[in-house]
Amino acid sequence: MNNDHQPKHRKLWSGLTSDDENANIGILGVPFEGAASFRKGTAQAPARIRSLSPHVAPYTESGGALSDLRIRDLDDVDVSGDWNAVHDRTAKRVEELLKHPFAIVIGGDHSVTIPVFHAFAETVPGPLGYLHLDAHLDLMSSFEGRTWSHACTARRVFEAAPVSPEHAVFVGIRSWLGEEISFLRDHPEIQVLAASAIAEGDITSIVTSALVPLRNAASVYVTIDIDVLDPAFAPGTGTPEAGGLSTRHLLRILRLAFEHLPIRVLDVVEVSPPLDHSDITSFAAIKLLYEVFGWVKERNIR
Ligand SMILES: [Mn+2]
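All residue numbers for the sequence shown refer to my numbering, where the first residue is 143 and numbers rise by one.
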């Protein structure tokens, strides 16, 4: 794909796209799936999600018009070559993306969060917060011999100054590995909200108190691994875990996050169109993104 021009399809993102360098929201695709440990297909997500977006009305679920929002789609990062080259190129393009008041990245597998977060940490003044919505912790120091595996994302994020574990919150977790449990034991300041706790309690009060550590961050990065949703709501993903959140729950959690936190960047990763059924998973991602558009507009981020 040519990255130097705007996509020709003017109905992209329901016609909200603009060439304006000052557009409220910048969107960048990173179709990299080289770090997925099991089933692939996430490289197709940015194109699939974009191709479905013309079929969605430019309104939030509560009827908020998105019409005066301006969205600049920066197309995809060139993901040819090895992972190192992809990380470098991604970081460079994220610097451009961050000229927009709000930045959205569409993966790709979860490893794409690593270079995106590092570019964010180098560009945006801290202290920074990290909100990780996922079935998995991704806290391995290395996985299957790779430090850049999608199972290591959060560990690599903690290596970027100036984020610290006391400004990190994990939500929707229901899969654990021994090394991750040890890491959490060594870092009791990290908040982990398991999927079971969300299902069994009062979601508003549980989530609101879980997000407290992020409130004094200057800017917050939100990463959404689509497998945080139950496979019933998001079957098109490489490592599904039963017992997950409903799309309704996830929208509620994100709404609370937007109400309380200075969110600056959001990524959606691990959508795999070839593993999907009837585009359920891509449409779930689109629903989340359109609500994000609405909250950006509501908060008047410009
Ligand atoms: Mn995951």
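For glycine and all other residues, C-beta sits at the position ideal for the given N, C-alpha and C.
| Check | Outcome |
| --- | --- |
| 8 Å contact criterion, which A277 and G386 should meet: CB distance rounded | 6 Å |
| Start and end residues, alpha helix (DSSP H) containing Y432 | 422-440 |
| T423: CB within 7 Å of a non-hydrogen atom of ligand 1 | no |
| Under the three-state DSSP convention, the category R406 falls into | strand |
| Cα-Cα separation, T289 to G205 | 44 Å |
| Buried versus exposed, by CB contacts within 10 Å (16 or more), H391 | buried |
| Proximity test, H252 beta-carbon vs ligand 1 heavy atom, cut-off 7 Å | yes |
| Endpoints, the beta strand (DSSP E) within which H274 is located | 270-275 |
| Beta-carbon proximity check, N166 vs P243, cutoff 8 Å | yes |
| Alpha-carbon spacing of P382 relative to P373, whole angstroms | 6 Å |
| Cβ neighbour criterion (16 or more within 10 Å) applied to H229 | buried |
| Proximity to S361 [Cα-Cα], best of A263, E321, A339, F285 | A263 |
| For G183, three-class secondary structure by DSSP | coil |
| L273 vs A399 beta-carbon contact at 8 Å | yes |
| Residue ranges of each alpha helix (DSSP H) within the stretch 308-393, 4 or longer | 320-328, 337-342, 345-352 |
| Per-residue burial, D418 [other beta carbons within 10 Å of its own, 16 or more giving buried] | buried |
| 8 Å CB neighbourhood of L158 in its chain, flanking five on each side removed | P200, L208, S209, L211, R212, I213, F435 |
| Whether D367 touches E412 by CB criterion (8 Å) | yes |
| Backbone secondary structure at G157 - three-state DSSP | helix |
| DSSP three-state assignment for C294, whether helix, strand or coil | coil |
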